[in-house]
Every structure is written in structure tokens, then in C-alpha cells.
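Okay, structure first, notes after.
In UniProt numbering, the protein residues as written are 1 to 818.
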């Protein structure tokens with residue numbers, strides 16, 4: 001095993017949580033004074049684990065810096081240290097993307113890492129933080145930098161010197177849990193209050209402000225000369241250093257050693273002695289190599305945007321008169337070189353990205369020709385799209401098609417269409433590469449001559465529609481997030497001269513959706529969103545855009561496949577995943593989730609069942625867009641209750657018999673990767689049989705196919721959805737000894753290596769996955785204890801659980817809960 005990268009583990013990350021005592025000898029103006037510091041962490045920056053190691057993948061791609069200009073008394077100026085405006089969220093993400101081209105299989109690199117943040121109150125050091133689900137590392141760093149007035153480049157460099165996360169291609173989860181070492185001493189476990197990427201970033205940024213305040217920490221106070229050691233070993237010596245500013249003082253609280261001459265001479269390397277430490281040297285190296293001087297703040301040259309992948313790059317799509325489609329990458333209001341994506345499509349009236357329609361982990365695109373035929377082009381992650389094929393469904397009488405984003409709130413990207421009568425229709429994605437039948441969501445739209453959809457214009461997290469009428473007025477039609485509308489708002493006038501209006505998404509990098517528009521002169525104008533649906537004219541950002549017949553967005557970024565959701569899903573017609581229970585008297589009830597980890601309403605589904613019946617989650621077994629429920633009685637009769645809109649269900653239809661001999665039946669799972677829900681059954685001797693659904697309420701493939709054996713040893717099997725975050729469906733099983741195992745698959749009917757993810761689960765009467773119950777974007781687990789207490793175990797999307805919370809009691813009387 002190679003040594004870890006030169007992580008600059010901090011000896012002094014001093015926080016209010018005091019756990020370790022470190023003795024430091026301070027010298028002020030020649031007076032020696034022993035000082036005992038109470039610290040939250042004591043990770044020593046020694047030569048054994050902090051020099052650059054050529055065999056460590058965490059350090060690949062790092063340029064060797066010149067240490068000319070290194071000044072131990074002014075590691076970084078206050079102005080640079082607190083300049084929170086050096087990078088936008090988009091620039092941070094672009095920086096991460098540029099450091100790691102591809103992450104090793106089975107790992108999540110920083111550029112793709114996401115985690116849910118939590119609320120943090122405002123105080124004298126930070127302005128507070130409003131938690132949000134599934135935030136990227138770039139977004140967290142940017143938001144924390146703004147809240148705590150810290151240069152995001154400082155946080156980025158600290159991530160590298162502490163855990164090598166910027167360039168690491170196979171980071172384990174512990175690197176994220178202790179990303180900056182905040183509250184993580186070498187001699188004890190991390191303080192639970194600081195475990196996790198968000199807590200590390202926010203905690204460290206806030207701590208730096210506490211250090212700079214100088215109220216509680218005065219040992220390295222600026223304007224004084226201090227004797228600073230070269231190494232934790234006191235015999236290695238020290239030398240006096242005049243601390244010039246508050247930022248340098250804060251850096252020494254965090255890592256209280258200066259590099260000796262040997263460490264400086266080694267560049268990024270390891271000095272040939274045992275008295276060198278590297279933390280502050282490495283900070284200087286990384287910062288100056290990546291961002292320039294630590295002493296001045298010239299505007300950094302904006303990175304030139306590059307279209308590297310049709311899936312993840314930010315770009316506008318445009319098609320010329322011949323039907324050649326180009327991608328125009330952008331970032332920070334700048335354009336990169338265009339890339340050809342497709343050709344030979346003929347005259348087009350619309351072309352745009354629509355997100356991942358078929359769940360394969362790649363963006364897909366919609367085209368509409370001058371003949372009003374609608375086509376689908378699929379992406380594969382490269383910069384070349386597939387040939388155009390007719391879009392599934394009936395597109396007769398369609399006059400226009402525009403993106404709708406996830407307008408109905410089911411997690412899938414939709415489209416709007418109009419007809420000659422001025423009707424507006426929503427075509428919801430079916431999660432299989434096509435769309436469900438059109439549903440009318442508006443009338444009287446013939447007075448509108450331009451529609452811009454698929455954007456969150458007012459910043460409420462829901463997809464909206466912008467429309468221009470024939471008088472040149474611009475209106476915002478806010479979406480409700482569930483397929484309806486809020487009250488329209490006029491957001492502009494005088495837009496009649498504009499020949500084309502479209503949204504690239506966030507063009508400026510400030511977190512708000514923007515509009516681009518040009519008139520007959522082809523001069524492209526930027527109208528920057530500023531929240532609430534308001535726009536500010538920002539001037540020209542290009543010319544010659546009349547050469548393109550159509551323009552549109554590239555759609556939602558796609559980073560991995562999308563398996564079908566676990567659990568019963570939303571079957572009561574109210575937002576939030578639900579739980580189904582069977583009482584001992586044979587009543588079946590739907591306990592509606594509120595989408596936030598709690599409950600809404602209780603609905604009676606059926607009565608007269610036997611307490612021994614199995615209730616089966618079937619997913620969308622009929623393919624009509626609604627979740628279905630199965631019933632398996634003791635005689636082996638298998639019945640399907642097809643879901644309908646608004647939480648209604650059709651009467652039972654028998655779809656099988658002879659199922660009574662199975663020990664376990666698991667439904668609602670797409671095991672073979674064809675986007676159709678299947679059923680897995682385990683025989684008494686432990687064989688697992690796959691029964692493939694045909695997507696229309698029946699079966700395909702004959703009598704079933706064996707896909708595993710040895711399952712007789714488990715007492716519970718759960719469809720866990722994508723629990724490990726790789727984009728493929730997983731099973732979870734409890735063994736008789738109470739251990740919990742995850743059985744990942746490759747998404748195509750093959751099991752991968754199982755892993756134990758818990759123990760002590762034998763105390764639970766039942767365990768099941770409701771899918772994403774708390775609304776953070778990851779699949780969760782619910783356990784019912786033998787005394788009837790119900791607990792939610794939130795998944796983190798990486799095979800681990802967060803802290804459990806009790807969400808109910810009195811469930812011990814239920815014959816089934818799932």
C-alpha cells in the first residue's frame with residue numbers, strides 16, 4: 001500500500017468543542033511564555049505522511065511550483081483570504097471537472113459528489129445557511145464562502161492539502177467525512193458535529209473567522225513576533241517569525257508549523273530529514289500554482305468553457321438551415337468553441353435537450369422539423385448524438401414543442417406542445433424513453449407567439465414557462481411543481497423586435513436562470529435573472545446568431561443512470577412517497593408521506609383481505625404512469641390493482657396463480673434493465689426466479705428465469721432502489737443474525753459483490769424501503785420495532801445511513817407494513 005498523499009493534517013484546528021490539549025511555546029518580543037491550547041484536533045504534519053508521493057493517485061496532475069516569494073510571516077493576505085468573489089459556483093465546478101477527467105469505477109469524485117446540507121443559524125462569523133437536498137460540492141463551497149466571507153479558493157486548496165480531494169480519482173467516503181480535518185483529532189474520533197462534507201466546509205470556514213477575530217485566540221496575534229517550530233518534535237528547533245496579518249495568524253492556528261529550509265527546497269516533495277513539516281508550504285504551492293499570488297487579487301483569467309460531454313457540459317444548442325446542430329459551451333457569461341453534435345436533420349423549427357428520457361444516464365434531445373414531425377436523438381456521453389428517430393407517441397396536430405422541465409414533479413423531464421386551437425398540452429415522460437399521452441394544461445395560448453420552457457425563472461425550485469404575446473409583453477407562468485400553475489406575472493414589455501428568445505439556464509453563474517434574445521441584426525443580448533422572475537438587461541454577449549434557425553437549452557445535466565424507484569411511491573395522489581399497511585382484521589390502508597419525512601393523510605384502500613396475504617409493491621406494472629399494488633393470497637392467486645390518477649385504483653385483475661409456494665416475493669423492480677417492472681420470487685430451497693413484466697400489466701419471457709440461489713438463509717429481502725448511488729438498482733437483505741447486507745447489481749440482471757451495511761437489525765419486526773421518504777433525493781429505509789415504534793433511517797446515497805428518527809408508534813398490530 002502506498003503512502004497517503006501529502007495531506008496537511010492540522011495540529012491546531014481550534015474550535016469551541018475542546019477535546020485535545022497541545023502545548024505550544026510562544027515567544028512574543030523576546031519573552032518566553034508557555035501556553036496550553038485547548039484544541040478540537042491534533043493531526044500532525046509530519047514528513048512521513050505529508051510529502052508528495054509519486055505513487056499516490058490523489059496527487060496526479062499537480063504542477064511543481066516555485067517557492068520564490070514564500071514568506072512564513074505572510075502566508076496569505078487578509079484581502080485574498082476573505083475575497084469571497086474570486087469564483088462563482090460554475091467556475092468552481094468547472095475547476096473540479098478540469099482536475100479529474102474520469103473517476104475510477106465504484107467511487108465518487110469531488111466533481112460528482114453530492115450531499116444534503118442542513119440549516120445553520122447566522123451569527124457574528126457567518127450569515128447563516130439554508131440547508132438543501134442533494135447539493136454539489138461546488139455549490140456548498142460557493143455558498144459557504146459567501147456566508148462566511150472566505151475566499152472559495154482557500155477552501156479548495158485546503159481540501160487538496162488535507163485529503164487530496166481535488167485530484168483524487170478513487171476517494172473513499174472517509175475522505176469526505178473528514179474533508180478538512182475540522183474537529184477530527186488524531187487521538188480520538190471526529191466530533192460528530194463535524195462529520196460529513198458539509199459540516200467540514202461550514203465548520204472550517206466559520207472557524208477561520210473566529211481565528212481572525214482575535215478575541216479567543218491570541219497566541220499568533222498579528223503585529224507580533226512569535227517563535228514558530230519547524231516540526232511537532234521540539235528538538236527540531238524553531239525560529240522567530242513576524243506575523244503580518246490576521247489571515248496568516250489563522251493559518252498557523254490551523255497548522256502551527258513553518259517549513260524548514262529542506263522542506264522549501266523540496267518543492268512538493270519530501271525532504272531528506274525528519275524535521276520537516278509541509279502543511280503551510282503545500283498551501284502556498286497549491287494556491288500559487290492554481291490561483292496565482294497569495295498577496296494580491298488580480299482578476300483571474302476566466303477559464304475558457306469547453307464542451308467535453310453532451311451529458312454534463314453547460315451549452316446552448318443551435319441548428320443552422322441545413323440541419324447541422326452545434327453545441328455552444330458557456331460559463332461566466334463567456335463562450336467557448338462550438339462543437340458539432342449532429343447533422344443532416346433538414347429544416348428545423350425546434351431543437352433542445354430534454355434530460356435523460358430513458359434512464360440510461362445520458363441526455364436526450366428533441367427535434368421538430370418544418371414538416372412538424374417530432375424526432376428523438378439520444379446521447380451517449382460523447383459529443384456526437386445518435387441519428388434521429390421518430391419520437392414515441394402521437395404527435396399529430398402539434399404546432400410547437402418546447403421543454404417543460406420536471407413540470408409535474410415526478411423527477412422526469414417533460415415537454416409542452418401546442419395545437420392550432422391555442423391549447424397547451426403537457427406530455428409527461430414515461431421513464432422509458434418516450435412520453436405519456438398529452439394532457440391539456442392550458443387554453444387560449446394562440447395569443448402567444450413565443451414560449452420558453454424548462455426553466456425555474458422565479459427561483460422556487462419548480463419549472464416555469466415564459467411566454468411573449470403578440471403585443472410584445474413577456475409573462476411568467478410559474479409552475480406549481482405538481483403539474484399546475486400559479487398566477488401569471490408580467491416580467492417585461494417591448495420584446496416584439498426579438499426574433500428569438502431562449503434560456504440557456506444559468507448563463508452568468510450566479511445561480512439564477514437567464515434569458516438570451518436577438519433581433520434581426522443577430523446581436524445576442526443577455527437578460528440576467530435576479531430571482532423572483534425579474535430580469536436585468538446586461539448588454540450584448542455575441543453576434544451573428546441569425547445564422548442559426550433554432551436555439552435552445554441543452555437540458556438537465558445527467559451524471560449516472562436512473563433506476564426505477566423503490567417502494568410503493570406516491571399512490572394517494574398527494575406529493576410524497578407512501579407506506580401501505582395491512583391490519584390484522586384485513587383492512588389495507590395507505591399512509592401518505594408528506595415528502596419531508598412525515599405523514600399527510602390516511603386512505604382506506606381495501607378490506608376483506610386475509611392477514612396472511614402479501615401486499616406487493618408493483619411499481620408502474622401497467623405502464624400507464626401510475627403505481628400499482630399486488631395482492632398474493634395463501635392459495636397462490638396473484639391479483640393486480642392498477643393505479644389511477646388522484647389516488648384511485650381499478651378493481652383486481654388476476655395476473656397469476658400457483659405463487660403460494662414462494663418464500664419471498666419482491667415486486668416493482670427493474671432487474672434486467674429494460675425499464676419495465678419485474679417481480680423476483682424466492683423458492684423454498686433458496687433459488688431466486690425472475691418474472692419479467694411486459695410493461696402493460698402482464699408477463700414476458702415464459703415461466704421465469706433463475707437469477708440466483710442461496711437466498712433461503714435470509715428472512716427479509718427488500719427492493720432498495722439505487723441505495724449505493726451508482727445508478728443501478730440494489731437489493732437489501734437481513735440475515736437471521738441481524739446483519740444487513742446490500743446486494744448491488746449492474747442494472748442488467750447480474751449481482752455484484754454484496755457488502756454488509758449494518759448489524760443489530762434483528763430487533764426490528766419488519767424493515768422496508770419507501771424510496772425517498774424525506775425528500776433529499778436518496779433512498780431511505782424504515783424499520784418497525786417489535787414494540788411498534790417506527791424509525792426512519794435516511795440513506796445518504798452511498799450505502800450508508802444518517803441518524804435515525806422516530807416517525808411513528810403503534811405499528812406492532814399490523815400484519816404487514818411496507
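Positions of the beta carbon are idealized from the N, C-alpha and C atoms, including for glycine.
Test item: CB-CB of residue 73 and residue 242 under 9 Å: Numbered from its first residue, the chain shown carries residue 73 at position 73. Numbered from its first residue, the chain shown carries residue 242 at position 242. In contact: residue 73 and residue 242 (Cβ atoms closer than 9 Å).
Quick one: complete alpha helix (DSSP H) runs, 4+ long, within the region 58-128? Those alpha helix (DSSP H) runs which fall completely within the region 58-128 and span 4+ residues are 78-81, 89-99.
Residue 623 vs residue 697 beta-carbon contact at 9 Å: On the chain shown, position 623 is the one that residue 623 refers to. On the chain shown, position 697 is the one that residue 697 refers to. Cβ distance < 9 Å, so residue 623 and residue 697 count as in contact.
What residues in its chain sit with their C-beta under 8 Å from that of residue 281, if we drop five residues either side in the sequence? Within the chain shown, numbered from 1, the residue matching residue 281 stands at position 281. Within the same chain, and ignoring the five residues on either side of residue 281 in sequence, the residues whose Cβ sits closer than 8 Å to its Cβ are 67, 70, 259, 263, 264.
Please name the residue in 271, 149, 201 whose C-alpha comes closest to that of residue 82. Taking the chain shown and counting its residues from 1, the one referred to as residue 82 is at position 82. The residue from 271, 149, 201 with its alpha-carbon nearest to that of residue 82 is 149.
Length of the line joining the Cα atoms of residue 103 and residue 777: Taking the first residue of the chain shown as 1, we reach residue 103 at position 103. Taking the first residue of the chain shown as 1, we reach residue 777 at position 777. Taking the straight line from one Cα to the other gives about 22 Å.
Just mark residue 30 as buried or exposed, buried being the case when its beta carbon has 16 or more other beta carbons within 10 Å. In the chain shown, residue 30 corresponds to position 30, counting from 1. At residue 30, the pLDDT of 23 sits below 50, so the modelled position is not reliable; the number obtained from the coordinates is stated separately. Per the 10 Å Cβ criterion, exposed.
Where do the N-terminal and C-terminal ends of the beta strand (DSSP E) with residue 282 fall, by residue? Along the chain shown, read from residue 1 onward, the residue named residue 282 stands at position 282. Where residue 282 is concerned, there is no enclosing beta strand (DSSP E), although the alpha helix (DSSP H) it sits in stretches over 279-291.
Count the other C-beta atoms from every protein chain shown that fall within 10 angstroms of the C-beta of residue 97, then say buried if there are 16 or more, exposed otherwise. For this step, residue 97 is matched to residue 97 along the chain shown. It is buried - the Cβ of residue 97 has at least 16 other Cβ atoms within 10 Å.
When the Cα atoms are used, what is the spatial distance from residue 642 to residue 630? Working through the chain shown from its first residue, we reach residue 642 at position 642. Working through the chain shown from its first residue, we reach residue 630 at position 630. Using only the alpha carbons, I get a separation of about 9 Å.
If we ignore side chains and look at the alpha-carbon of each, how far apart do residue 291 and residue 510 end up? One-based indexing of the chain shown puts residue 291 at position 291. One-based indexing of the chain shown puts residue 510 at position 510. If you draw a straight line from the Cα of residue 291 to the Cα of residue 510, it is about 20 Å long.
Hey, residue 211 and residue 253: beta-carbon distance below 9 Å or not? Locating residue 211 in the chain shown gives position 211, where the first residue counts as 1. Locating residue 253 in the chain shown gives position 253, where the first residue counts as 1. Yes, these two residues count as a Cβ contact at 9 Å.
Cα-Cα separation, residue 269 to residue 725: Indexing the chain shown from 1 puts residue 269 at position 269. Indexing the chain shown from 1 puts residue 725 at position 725. Cα-Cα distance, rounded: 36 Å.
Let me know if residue 440 comes out buried or exposed under the rule of 16 or more other beta-carbons within 10 Å of its beta-carbon. Working through the chain shown from its first residue, we reach residue 440 at position 440. By the neighbour-count rule (16 or more Cβ atoms within 10 Å), residue 440 is not buried but exposed.
Here's a check: name, in chain order, each residue in its chain whose Cβ is nearer than 8 Å to the Cβ of residue 769, leaving out the five neighbours to either side. Numbered from 1 along the chain shown, position 769 holds the residue referred to as residue 769. The answer, listed in chain order, is 566, 567, 718, 719, 720, 721, 723, 732, 779, 780, 781, 782.
Could you name the residues that DSSP lists as bridge partners for residue 375? Reading the chain shown from its first residue, position 375 is the one you call residue 375. For residue 375, DSSP records a beta bridge to 367, 390.
Go to residue 173, then tell me how far its beta strand (DSSP E) extends in each direction, as first and last residue. Translated into the one-based positions of the chain shown, residue 173 becomes position 173. That residue, residue 173, is in no beta strand (DSSP E); its alpha helix (DSSP H) goes 173-177.
Using the beta-carbon count (16 or more within 10 Å), is residue 161 buried or exposed? In the chain shown, counting from the first residue as 1, residue 161 sits at position 161. When all chains shown are included, residue 161 counts as buried.
Can the beta-carbon of residue 381 be found closer than 9 Å to that of residue 322? Position 381 of the chain shown, counted from the first residue, corresponds to residue 381. Position 322 of the chain shown, counted from the first residue, corresponds to residue 322. Between residue 381 and residue 322, the C-beta gap is not smaller than 9 Å, which leaves the two residues out of contact.
Indicate the three-state DSSP secondary structure (helix, strand or coil) for residue 815 in the structure shown. The residue given as residue 815 occupies position 815 in the chain shown. DSSP places residue 815 in the strand class (E or B) of the three-state scheme.
Buried or exposed: which applies to residue 763, given that a residue is buried once 16 or more other Cβ atoms fall within 10 Å of its Cβ? The sequence position of residue 763 within the chain shown is 763, counting from 1. Result: exposed.
For residue 216, does the three-state DSSP call read helix, strand or coil? In the chain shown, counting from the first residue as 1, residue 216 sits at position 216. Three-state result, residue 216: coil.
Is residue 617 buried or exposed, if buried means 16 or more other CB atoms sit within 10 Å of its CB? For this step, residue 617 is matched to residue 617 along the chain shown. With 16 or more other Cβ atoms within 10 Å, it is buried.
Measure the alpha-carbon distance for residue 333 versus residue 453 and round it to whole angstroms. Along the chain shown, read from residue 1 onward, the residue named residue 333 stands at position 333. Along the chain shown, read from residue 1 onward, the residue named residue 453 stands at position 453. Rounded to whole angstroms, residue 333 to residue 453 spans 21 Å at the Cα level.
Which of the three DSSP states, helix, strand or coil, is assigned to residue 664? In the chain shown, counting from the first residue as 1, residue 664 sits at position 664. Looking at residue 664 - three-state DSSP - the assignment turns out to be strand.
Residue 426 - partner residues in DSSP beta bridges: Translated into the one-based positions of the chain shown, residue 426 becomes position 426. In the DSSP output, where bridge partners are listed per residue, residue 426 has 416, 439.
Can you tell me the Cβ-Cβ gap for residue 755 and residue 739, rounded? I've got them flagged as a contact below 8 Å. Counting from one through the chain shown, the residue named residue 755 turns up at place 755. Counting from one through the chain shown, the residue named residue 739 turns up at place 739. Cβ-Cβ separation between residue 755 and residue 739: approximately 11 Å, too far for a contact (criterion under 8 Å).
Below 8 Å on the Cβ atoms is my contact criterion, and I expect residue 592 with residue 601 to pass it. Report the Cβ-Cβ distance as a whole number of Å. Position 592 of the chain shown holds residue 592. Position 601 of the chain shown holds residue 601. With a Cβ gap of about 5 Å, residue 592 and residue 601 count as contacting.
Within a Cβ cutoff of 8 Å, which residues of the same chain sit near residue 745, ignoring the five residues on either side of it in sequence? In the chain shown, the residue the question calls residue 745 occupies position 745. Apart from the 5 residues on each side of it in sequence, residue 745 sits with its Cβ closer than 8 Å to the Cβ of 671, 728, 729, 730, 731, 751, 752 in its chain, given in chain order.
When DSSP labels each residue in this structure, what does residue 799 get in the three-state scheme? Indexing the chain shown from 1 puts residue 799 at position 799. In this structure, residue 799 counts as coil in the three-state DSSP scheme.
Reducing DSSP to helix, strand and coil, say where residue 197 ends up. Along the chain shown, one-based indexing puts residue 197 at 197. Helix at residue 197.
To the nearest angstrom, how far is it from the Cα of residue 125 to the Cα of residue 529? For the purposes of this step, residue 125 is identified with residue 125 of the chain shown, where counting begins at 1. For the purposes of this step, residue 529 is identified with residue 529 of the chain shown, where counting begins at 1. One C-alpha to the other measures close to 29 Å.
Residue 254 (DSSP reduced to helix, strand or coil): Start at 1 with the first residue of the chain shown, and residue 254 comes out as number 254. Residue state for residue 254 is assigned as helix, using DSSP reduced to three classes.
Below 9 Å between beta carbons: does that hold for residue 135 and residue 314? Mapped onto the chain shown, residue 135 falls at position 135. Mapped onto the chain shown, residue 314 falls at position 314. Against a cut-off of 9 Å, the Cβ pair of residue 314 and residue 135 comes out as no contact.
Roughly how many angstroms separate the alpha carbons of residue 184 and residue 576, rounded to a whole number? The residue labelled residue 184 in the question sits at position 184 within the chain shown. The residue labelled residue 576 in the question sits at position 576 within the chain shown. Approximately 37 Å, taken between the alpha carbons.
Helix or strand or just coil, what does DSSP make of residue 270? Walking along the chain shown from the start, residue 270 turns up at place 270. Residue 270 falls in the coil class under three-state DSSP.
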